[in-house]
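> Below: one structure in structure tokens.
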Amino acid sequence: MSEVTASLPDTSSSSRHLTTLLQNDLLLLVIILLLGAALRFIALGYWSFWTDELYTWRLVVPELKILTLGVPDDQHPPLYYLLFHAMLQIRDNDVWLRLPSALAGWLAIIGMWRIGVVGRRPRWGLLAAALLALSPLHIWYSREARMYGLASLFWVLSLYYFIASFERDSWIDMFGLAAATLLGLFTAYPTLGLWGLQLSLFWLCWHLAGRKIGRLLRWLLAQGLITAVFALWWPLMQEQLQRGLTFNWPILPQFGIDLSGTLADTLSLALAAGGLVVLGGILLWLIVWWQPRLLQWAQKLLPIIAIAIILAFILATVAGAIPRGLSIRRQLFVFWPVAILLATWAFASIHKPQLVGVILGVSLVLAAITAWGRPFEDWRGIAQYIEANGQPGDVVVLTPGWARMAFDRYYANGRFPYQGANNNAYADDAPAPFAAGQRVWLVWINTETTDAQTTPITHWFASHADNLTRRDFRHLTVIEYAVR
Numbered sequence: 010m011s012e013v014t015a016s017l018p019d020t021s022s023s024s025r026h027l028t029t030l031l032q033n034d035l036l037l038l039v040i041i042l043l044l045g046a047a048l049r050f051i052a053l054g055y056w057s058f059w060t061d062e063l064y065t066w067r068l069v070v071p072e073l074k075i076l077t078l079g080v081p082d083d084q085h086p087p088l089y090y091l092l093f094h095a096m097l098q099i100r101d102n103d104v105w106l107r108l109p110s111a112l113a114g115w116l117a118i119i120g121m122w123r124i125g126v127v128g129r130r131p132r133w134g135l136l137a138a139a140l141l142a143l144s145p146l147h148i149w150y151s152r153e154a155r156m157y158g159l160a161s162l163f164w165v166l167s168l169y170y171f172i173a174s175f176e177r178d179s180w181i182d183m184f185g186l187a188a189a190t191l192l193g194l195f196t197a198y199p200t201l202g203l204w205g206l207q208l209s210l211f212w213l214c215w216h217l218a219g220r221k222i223g224r225l226l227r228w229l230l231a232q233g234l235i236t237a238v239f240a241l242w243w244p245l246m247q248e249q250l251q252r253g254l255t256f257n258w259p260i261l262p263q264f265g266i267d268l269s270g271t272l273a274d275t276l277s278l279a280l281a282a283g284g285l286v287v288l289g290g291i292l293l294w295l296i297v298w299w300q301p302r303l304l305q306w307a308q309k310l311l312p313i314i315a316i317a318i319i320l321a322f323i324l325a326t327v328a329g330a331i332p333r334g335l336s337i338r339r340q341l342f343v344f345w346p347v348a349i350l351l352a353t354w355a356f357a358s359i360h361k362p363q364l365v366g367v368i369l370g371v372s373l374v375l376a377a378i379t380a381w382g383r384p385f386e387d388w389r390g391i392a393q394y395i396e397a398n399g400q401p402g403d404v405v406v407l408t409p410g411w412a413r414m415a416f417d418r419y420y421a422n423g424r425f426p427y428q429g430a431n432n433n434a435y436a437d438d439a440p441a442p443f444a445a446g447q448r449v450w451l452v453w454i455n456t457e458t459t460d461a462q463t464t465p466i467t468h469w470f471a472s473h474a475d476n477l478t479r480r481d482f483r484h485l486t487v488i489e490y491a492v493r
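Under the numbering used here, read the sequence shown as residues 10 to 493, first letter to last.
Structure representation (structure tokens):
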């Protein structure tokens, strides 16, 4: 936003430093887009579906109802499931079903570049596009058959139109903002966080950009449109709000925090926090309006703020390559485009192109590992391993029981029968589930989050069967047992 950023220190000279790698902006953009495409499309089916992708597939397979009374049978809005269902009618393979996420993730890179162009900082846009193209976190979600890759495109578009609304005073930008935000809301509920952030920042940006009444009226109309349309979904959303959460963050109970209630509990907490952020943004605007000299004082702190942003961004980039804490990452992912824009400004402010080069280089290595490293959950590999090494009469047991859906996808035509484990069948006072001499392949998700579900099964086999072979597939474990 040229009008808004005019109040900040002039960092346009840093753009010249950032282009020392390549003078031709178009060539640089092409390279960024090619790298982004390679990291999102090449070997897209290398990993088998992991648990969340399998859940999406199981929810939407043609023989099941995609919606129950118009509401997806989980904690997410319907748009992605409708798209997934349409894709599934055409073809059912891993690459095809992941393609919308990969394409949306790649288009988001173009969107980040366009944000710089519309904000009259085209070379900032190139850097922002490069940071997103090589972001391990964004690559993760661009390569899975879930809604977050698609949502990231809508989040970037929402930011684009938000910034454009301060540059062009166009009704198209305001309707574009409303459309992008609504598409994001109907794709992933974390979009509420981005919407709240925009509501909090608008007033200060509007003040710095000249306080034009027409701009304010267009903005209010766009917000009214978003509110009115999303309100139509609210009665159906209530059904989802009362369902128990399918996840909990294991580390939080150690601090006395438990989010294992209903979605309504978590959403209420998030909305309360969002409301405070919006009120804080309005308060900041009023303070700046009342004491404009505070801006001059704040400018002195910008170098420190820039360094803090860079350090936080580096840590977040590295953390984004670690496939743990998925529930937390996906909730915070909505703010990743904003974080990249802040990091772009910070890198431009400190005039250190060498540091930018190092960060991009490290990001590229982490991105390649994320895209083509060891599979997170190699269900396809497990199915092939059992098929190749099993003997006639063998049985496959999967624990937790819901892991059966992995074999529904990758082992439906296999030689051996398989079943999801029922913990009651392995209780001490229950009849033995298998006869002596029976060979059983036990497949379990060997993580802390599933210990409560898998421990009764693994203990039964440890005390009632002999371990013949064992193989670990990251945090999936396969043991061949002979029941005593």
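Ideal Cβ placement from N, Cα and C applies to all residues, glycine included.
#1: On the criterion of 16 or more Cβ atoms from any shown chain inside 10 Å, does serine 472 qualify as buried, or is it exposed?
#2: Taking 6 Å as the limit between beta carbons, can you name the residues of its chain near leucine 226, skipping five residues before and five after?
#3: Verify whether the separation of the beta carbon atoms of threonine 353 and leucine 140 is less than 8 Å.
#4: With contact counted as at least three CB pairs below 8 Å, one residue from each stretch, are the segment 398-409 and the segment 439-450 in contact?
#5: Compare the Cα-Cα distances from alanine 321 to each of Val297, Ile349, Gln340 and report the closest residue.
#6: Can you give me the Cβ contacts of glycine 289 inside the same chain, cut-off strictly under 6 Å, excluding the 5 residues immediately before and after it?
#7: May I have the straight-line CA-CA distance separating tyrosine 64 from valine 452, to the nearest angstrom?
#8: Let me make sure I understand the geometry here. Which of Ile40, Leu35, Tyr55, Lys309 has the alpha-carbon closest to that of tryptophan 381?
#9: Is glycine 331 helix, strand or coil by DSSP?
#10: Pick out whichever of Leu208, His147, Ile235 has its Cα sitting closest to the Cα of alanine 189.
#11: Checking contacts by CB at 8 Å: is alanine 412 closer than that to chain B?
#12: Does the segment 113-131 come close enough to the segment 42-57 to have 3 or more Cβ pairs within less than 8 Å?
#13: How about the segment 128-147 and the segment 87-95: do they share at least three Cβ pairs that are nearer than 8 Å?
#14: Quick check on DSSP: helix, strand or coil for arginine 100?
#15: If distances are taken between C-alpha atoms only, which option among Asn102, Trp66, Leu285 comes closest to tyrosine 89?
#16: Flag this pair as yes or no: are the beta carbons of glutamine 145 and leucine 375 separated by less than 8 Å?
#17: With DSSP run on the structure shown, which of helix, strand or coil describes asparagine 433?
#18: Determine the closest residue to glutamine 247 out of Gly284, Asp82, Glu396, with distance taken between C-alpha atoms.
#19: Taking Cβ positions, are tyrosine 435 and tryptophan 469 nearer each other than 8 Å?
#20: Thinking C-beta only, is alanine 111 closer than 8 Å to serine 57?
#21: How is the beta strand (DSSP E) around threonine 190 delimited, first residue to last?
#22: Can you give me the C-alpha to C-alpha distance between alanine 357 and proline 244, rounded to a whole angstrom?
#23: What first and last residue would you give for the alpha helix (DSSP H) that runs through tyrosine 64?
#24: Report yes if the CB atom of arginine 483 is closer than 8 Å to the CB atom of arginine 383, and no otherwise.
#25: Considering only residues of the same chain and omitting the five flanking positions on each side of isoleucine 391, which have a CB-CB separation below 7 Å?
#26: Could you tell me the alpha carbon to alpha carbon distance between leucine 229 and lysine 221, rounded to whole angstroms?
#27: Give the list of continuous beta strand (DSSP E) stretches no shorter than 3 residues that lie fully inside the segment 347-405.
#28: Less than 8 Å separating the beta-carbons of alanine 430 and glycine 399?
#29: What are the boundary residues of the alpha helix (DSSP H) that glutamine 343 is part of?
#30: Suppose you measure from the CA of phenylalanine 344 to the CA of asparagine 102; what does that come to, to the nearest Å?
#31: Residue range of the alpha helix (DSSP H) that tryptophan 242 falls in?
#32: Given this structure, state the Cα-to-Cα distance separating alanine 218 from leucine 280, to the nearest angstrom.
#33: When the Cα of phenylalanine 195 is compared with those of Gln232, Gly223, Ala240, which residue comes out closest?
#34: Looking at the secondary structure, which residues open and close the beta strand (DSSP E) in which leucine 485 lies?
#35: With H, G and I counted as helix, E and B as strand and the rest as coil, what does DSSP make of leucine 451?
#36: Roughly how many angstroms lie between the CA atoms of tryptophan 122 and leucine 477, to the nearest whole one?
Quick answer:
#1: To locate residue 472, count along the sequence shown from 1; it is residue 463. Counting every other CB atom within 10 Å of its CB across the protein chains shown gives serine 472 a total below 16, marking it as exposed.
#2: Along the sequence shown, read from residue 1 onward, the residue named residue 226 stands at position 217. A distance below 6 Å between beta-carbons, with the five flanking residues on each side excluded, links leucine 226 to no residue of its chain.
#3: Numbered from 1 along the sequence shown, position 344 holds the residue referred to as residue 353. Numbered from 1 along the sequence shown, position 131 holds the residue referred to as residue 140. Yes, the Cβ-Cβ distance between threonine 353 and leucine 140 is below 8 Å.
#4: Short answer: they touch.
#5: Position 312 of the sequence shown, counting from 1, holds the residue named residue 321. For the residues Val297, Ile349, Gln340, the minimum Cα distance to alanine 321 belongs to Ile349.
#6: On the sequence shown, position 280 is the one that residue 289 refers to. There are no such residues.
#7: Start at 1 with the first residue of the sequence shown, and residue 64 comes out as number 55. Start at 1 with the first residue of the sequence shown, and residue 452 comes out as number 443. Between tyrosine 64 and valine 452, the C-alpha separation is close to 18 Å.
#8: Mapped onto the sequence shown, residue 381 falls at position 372. Taking only the C-alpha atoms, the option nearest tryptophan 381 is Tyr55.
#9: One-based indexing of the sequence shown puts residue 331 at position 322. The question names glycine, but residue 331 in the sequence shown is isoleucine. Correct three-state label for isoleucine 331: coil.
#10: Taking the sequence shown and counting its residues from 1, one reaches residue 189 at position 180. Comparing alpha carbon positions, the residue from Leu208, His147, Ile235 closest to alanine 189 is Ile235.
#11: Any reference to chain B falls outside this structure, which holds one protein chain only.
#12: Look at the beta carbons and you see the segment 113-131 touching the segment 42-57: at least three pairs across the two are nearer than 8 Å.
#13: No, the segment 128-147 does not touch the segment 87-95.
#14: Working through the sequence shown from its first residue, we reach residue 100 at position 91. Of the three classes helix, strand and coil, the one that applies to arginine 100 here is coil, per DSSP.
#15: Reading the sequence shown from its first residue, position 80 is the one you call residue 89. Nearest option by C-alpha distance: Trp66.
#16: Locating residue 145 in the sequence shown gives position 136, counting from the first residue. Locating residue 375 in the sequence shown gives position 366, counting from the first residue. Correcting the residue type first, residue 145 is proline in the shown sequence and not glutamine. Yes, they are a contact pair.
#17: Your numbering for residue 433 matches position 424 in the sequence shown. Asparagine 433 falls in the helix class under three-state DSSP.
#18: Within the sequence shown, numbered from 1, the residue matching residue 247 stands at position 238. Looking at the Cα atoms, Asp82 is the closest of the given residues.
#19: Counting from 1 along the sequence shown, the entry for residue 435 is found at position 426. Counting from 1 along the sequence shown, the entry for residue 469 is found at position 460. A contact, by the Cβ cut-off of 8 Å.
#20: Residue mapping note: residue 57 aligns to position 48 of the sequence shown, counting from 1. Residue mapping note: residue 111 aligns to position 102 of the sequence shown, counting from 1. Between serine 57 and alanine 111, the C-beta gap is not smaller than 8 Å, which leaves the two residues out of contact.
#21: As a working mapping, residue 190 is identified with position 181 in the sequence shown. Per DSSP, threonine 190 is not a residue of any beta strand (DSSP E); the alpha helix (DSSP H) it occupies stretches across 180-194.
#22: Residue mapping note: residue 357 aligns to position 348 of the sequence shown, counting from 1. Residue mapping note: residue 244 aligns to position 235 of the sequence shown, counting from 1. In a straight line, the C-alpha of alanine 357 is about 46 Å away from that of proline 244.
#23: One-based indexing of the sequence shown puts residue 64 at position 55. In the DSSP assignment, tyrosine 64 falls within the unbroken alpha helix (DSSP H) covering 60-69.
#24: Here residue 483 is taken as the residue at index 474 of the sequence shown, counted from 1. Here residue 383 is taken as the residue at index 374 of the sequence shown, counted from 1. Less than 8 Å separates the beta-carbon of arginine 483 from that of arginine 383.
#25: Numbered from 1 along the sequence shown, position 382 holds the residue referred to as residue 391. Shown here for isoleucine 391: same chain residues with a beta carbon closer than 7 Å to its own, the five before and five after excluded, namely Val452, Phe482, Leu485, Val487 in chain order.
#26: Within the sequence shown, residue 229 is the residue found at index 220, counting from 1. Within the sequence shown, residue 221 is the residue found at index 212, counting from 1. Pairing leucine 229 with lysine 221, the inter-Cα distance amounts to about 13 Å.
#27: The qualifying runs do not exist here; there are none.
#28: Within the sequence shown, numbered from 1, the residue matching residue 430 stands at position 421. Within the sequence shown, numbered from 1, the residue matching residue 399 stands at position 390. No.
#29: For the purposes of this step, residue 343 is identified with residue 334 of the sequence shown, where counting begins at 1. Residue 343 is actually valine in this sequence, not glutamine. Counted as a single uninterrupted DSSP element, the stretch harbouring valine 343 is not any alpha helix (DSSP H), since DSSP gives it neither H nor E.
#30: Residue 344 sits at position 335 when you count from the first residue of the sequence shown. Residue 102 sits at position 93 when you count from the first residue of the sequence shown. For phenylalanine 344 and asparagine 102, the distance between alpha carbons rounds to 31 Å.
#31: Taking the sequence shown and counting its residues from 1, one reaches residue 242 at position 233. Segment 222-250, the alpha helix (DSSP H) holding tryptophan 242.
#32: Position 209 of the sequence shown, counting from 1, holds the residue named residue 218. Position 271 of the sequence shown, counting from 1, holds the residue named residue 280. Distance between the alpha carbons of alanine 218 and leucine 280 is about 28 Å.
#33: Mapped onto the sequence shown, residue 195 falls at position 186. Nearest C-alpha to phenylalanine 195 among Gln232, Gly223, Ala240: Ala240.
#34: Walking along the sequence shown from the start, residue 485 turns up at place 476. Counting along the chain, the beta strand (DSSP E) containing leucine 485 begins and ends at 485-492.
#35: By 1-based counting over the sequence shown, the position of residue 451 is 442. It is a strand residue.
#36: Translated into the one-based positions of the sequence shown, residue 122 becomes position 113. Translated into the one-based positions of the sequence shown, residue 477 becomes position 468. Rounded to whole angstroms, tryptophan 122 to leucine 477 spans 56 Å at the Cα level.
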